[in-house]
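Peer 1: Protein chains in written order, with this note's numbering: chain A, 32 to 363; chain B, 32 to 363. The C-beta atom is built at its ideal place from N, Cα and C for all residues, glycine as well. What follows is a single structure, and I will ask about it in a moment.
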DNA sequence: AGGTTTTATGAAAGCACTTACATTGAGAAA
DNA sequence: TTTCTCAATGTAAGTGCTTTCATAAAACCT
């Protein structure tokens, strides 16, 4: 059996110390290019492959962070992912994305990930988990930070959806719109996360407070997807009893409304005003007024917090509440 | 770092030495049953899992695929990623994304990833690499499939950008537009990938063939980003010598042109027609005519091909050329 | 040139375990 | 009782790699 080549062999062959070889493996930019060349040469000559087990042992960790995310299709998830990536860019952590499609999958990941040792830390994005899961995370010492959903006494980055709804109401009413409507996503119960409902709740309460109108007929839910959004919006905008302004629980939906309005030859905001939620990249392109929850930033924060938990298991868990911000563009 | 319990903890808890614990793990019959009991007790109480075992399990059951992608901000990357994820969904592969920001980073990943054994297969997305890199991949037996960029005799999923450009020209001319313009992304040389240039080349050749007009002033490049796109489009659309139709090397840019047109109160397509490239999700929302390269599908294909290479190292490498398709909506 | 900061490197101390070797104390044989 | 085994356990030296710290060399600054 061929004797394993180790970094010692490589080091000897290249006439340098093992430390430098190791450094080359982990952060090549810290090694002079001249040395780098020598190492590369030696490694390829000896066809060296580091022993994963030894690496893991020496690092006492696998250096991987997992992200549990709804099967990414919604832009908002991508933006958060971007924030996470950014925060991890100059650490030595690899990012593994676990895209969740069904409730079963979610359950399975939640129970398996802590045990298998595939990751050193986990970010749960916009997905619900139970106190049981938390218990398991604790037992296996898996640090977890969640986004857009939280558990008591467990770190998370959240926004105040109720407040967001209220802000929307206040803003629209103040702009002079009295007959309001709401469009949200129904669909998958597992993912709903109350976020939509909370936004609606806040919206309602704001409306009551300020004395405007939100007819039952003007509260609509539809499945995730542009088609549905457009369809739904058409239904909303057609009748004579048309709302003056529509608040959507997400930008994607707002874009659907925009499209429907165009098809019905309605001017925005002259005939209907549209307000979204999220401020995804596209919102800017489309001049959509919306409520910004700093998506990139929230991902970033989650990653930072997770790193803290990982480097210091005693770090107190904390909930971060991101502030929301009305972004006025040309649809309101 | 997940504070793993070690055999030291177990040993301490059981009041014996680590060697005995280790022995218990490896050959339990060498340990007195009384001691054995104590160890078992301590282990279960501390929910101890030997690191090496965890590593081994993590490595044997689950393999890893890396994706090298431009720091993802462009929707087209995300869609391809989605396709990859989808293809991997019911396999036992974890997906690790490496977001590349600079040329140095790219170089570093390309040279280090094959060596470190962190991944079992690699997908390179829209990023250039050299024959040298290919050599290295071979040497370290790392299966690689690339997207939107290829190497001779190496598996990749590509599209014919020149043809795409030609299609654009043909289509626009046939629609009756004679004065044409082109907008592409300049910016980072590392990422450009010729794609833009090739599309322009094809566009030009198509125009020559059919005898239409493409003034030098009507060929513009700008940096990546919506701001730049809009700015650039404004410049293009302002003067009296305005083009009748604009072909953009990407949908994002086309959206920028749409926005600029709106700001300048130009009707689309009555005053200017706009044709994009990619057919990203948003294109549909915006009713943008475009040339579709099935992004999701290409990611999917790449993943499938990679899996094939991984399970059978002798599988012949192959280039897949995806076909392009004009999607006519309402901007042309 | 002189001093200071930066960068590249090596020495050596871990990491979580394994294992060869040493030690201990019982029981068996003398 | 003394000696000899031998099973049960501990000690400590590896394992291949990472990482901290110190140092030497190079790059910057007046």
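By Cβ distance below 6 Å, which residues in the same chain neighbour residue 168 of chain A in space, the five residues on each side in sequence not counted?
Peer 2: 145, 175
Peer 1: Who are the neighbours of residue 158 of chain A on chain B, taking C-beta pairs under 7 Å?
Peer 2: Those within 7 Å of residue 158 of chain A in chain B number zero; the least Cβ separation is about 16 Å.
Peer 1: Can you check whether the CB of residue 152 of chain B is closer than 9 Å to the CB of residue 88 of chain B?
Peer 2: no
Peer 1: Whether or not the region 50-59 of chain B and the region 348-361 of chain A are in contact is what I'm after, with contact meaning three or more pairs of Cβ atoms, one per stretch, closer than 8 Å; do they touch?
Peer 2: no
Peer 1: Mind reading off the beta-carbon distance from residue 319 of chain A to residue 275 of chain A? Whole number of angstroms is fine, and I expect it under 8 Å.
Peer 2: Not really, about 17 Å apart at Cβ, beyond 8 Å.
Peer 1: I want to see whether chain B comes within less than 9 Å of residue 95 of chain A, judged by CB atoms only; does it?
Peer 2: yes
Peer 1: From the DSSP output, in three-state form, read off residue 213 of chain B for me.
Peer 2: strand
Peer 1: Quick one: grab the DSSP three-state call for residue 130 of chain A.
Peer 2: strand
Peer 1: Short of 7 Å in beta carbon distance, which residues of its chain neighbour residue 297 of chain A, apart from the five on each side in sequence? Order them along the chain.
Peer 2: 268, 303
Peer 1: Please report the straight-line C-alpha distance between residue 64 of chain B and residue 71 of chain B, rounded to a whole angstrom.
Peer 2: 10 Å
Peer 1: Note the first and the last residue of the continuous alpha helix (DSSP H) segment covering residue 156 of chain B.
Peer 2: That residue, residue 156 of chain B, is in no alpha helix (DSSP H); its beta strand (DSSP E) goes 152-156.
Peer 1: Taking the straight line between their C-alpha atoms, what separation do you get for residue 259 of chain A and residue 253 of chain A?
Peer 2: 6 Å
Peer 1: Counting C-beta neighbours from all protein chains within 10 Å, is the total for residue 330 of chain B 16 or more, i.e. buried, or is it exposed?
Peer 2: buried
Peer 1: Which bits of chain B does residue 41 of chain A rub up against, with CB to CB less than 8 Å?
Peer 2: Within chain B, no residue comes near residue 41 of chain A; the closest Cβ sits about 10 Å away, beyond 8 Å.
Peer 1: Looking only at C-alpha atoms, which of A:40, A:97, A:106 sits nearest to residue 78 of chain A?
Peer 2: A:40
Peer 1: To the nearest whole angstrom, what separates the beta carbons of residue 126 of chain A and residue 96 of chain A, a pair I think is in contact under 8 Å?
Peer 2: 6 Å
Peer 1: Interface residues of chain A around residue 90 of chain B at Cβ under 7 Å?
Peer 2: Within chain A, the residues near residue 90 of chain B are 83.
Peer 1: Which word fits residue 196 of chain B, buried or exposed, when buried means at least 16 other C-beta atoms lie within 10 angstroms of its C-beta?
Peer 2: buried
Peer 1: Please state the DSSP three-state secondary structure of residue 278 of chain B.
Peer 2: strand
Peer 1: Counting C-beta neighbours from all protein chains within 10 Å, is the total for residue 74 of chain B 16 or more, i.e. buried, or is it exposed?
Peer 2: buried
Peer 1: Expressed to the nearest angstrom, what Euclidean distance is found between the alpha-carbon atoms of residue 81 of chain A and residue 161 of chain B?
Peer 2: 24 Å
Peer 1: Which chain B residues sit within Cβ distance under 9 Å of residue 178 of chain A?
Peer 2: What residue 178 of chain A touches in chain B: nothing, since even the nearest Cβ is about 17 Å away.
Peer 1: Report yes if the CB atom of residue 172 of chain B is closer than 9 Å to the CB atom of residue 210 of chain B, and no otherwise.
Peer 2: no
Peer 1: Give a yes or no on whether 9 Å exceeds the smallest Cβ distance from residue 125 of chain A to chain B.
Peer 2: yes
Peer 1: Along the chain, where does the alpha helix (DSSP H) that runs through residue 49 of chain A open and close?
Peer 2: 49-57
Peer 1: Could you work out which residues of chain A lie near residue 139 of chain B, taking near to mean beta carbons separated by less than 8 Å?
Peer 2: 59, 60
Peer 1: Given a cut-off of 9 Å on the beta-carbon distance, is the pair residue 227 of chain A and residue 280 of chain A in contact?
Peer 2: With contacts defined as CB atoms closer than 9 Å, residue 227 of chain A and residue 280 of chain A qualify as a contacting pair.
Peer 1: Starting from the beta carbon of residue 302 of chain B, find every residue of chain A whose beta carbon is closer than 8 Å, and list them in chain order.
Peer 2: Result: empty, since nearest Cβ-Cβ is about 17 Å, beyond 8 Å.
Peer 1: Three or more beta-carbon pairs under 8 Å between the region 234-246 of chain B and the region 281-292 of chain B, yes or no?
Peer 2: no
Peer 1: Excluding the 5 residues flanking residue 310 of chain A on each side, which residues of the same chain have their C-beta closer than 6 Å to its C-beta?
Peer 2: 321, 323, 358
Peer 1: For residue 252 of chain B, report the span of its beta strand (DSSP E) as first-last.
Peer 2: 250-253
Peer 1: Which bits of chain B does residue 313 of chain A rub up against, with CB to CB less than 7 Å?
Peer 2: From the beta-carbon of residue 313 of chain A, the residues of chain B found nearer than 7 Å are 313.
Peer 1: Please compile the residues from chain A whose C-beta is within a distance smaller than 7 Å of the C-beta of residue 257 of chain B.
Peer 2: Ordered by position in chain A, the residues that pass the 7 Å Cβ test against residue 257 of chain B are 315, 316.
Peer 1: Could you tell me whether the Cβ of residue 328 of chain A comes closer than 9 Å to any Cβ of chain B?
Peer 2: no
Peer 1: Give me, in chain order, the residues of the same chain whose beta-carbon lies closer than 7 Å to that of residue 208 of chain B; leave out the 5 immediate sequence neighbours on both sides.
Peer 2: 275, 276, 304
Peer 1: For my contact list, residue 273 of chain B and residue 178 of chain B are in at a C-beta cut-off of 8 Å; report their separation, rounded to the angstrom.
Peer 2: Contact flag wrong, Cβ pair sits at about 36 Å.
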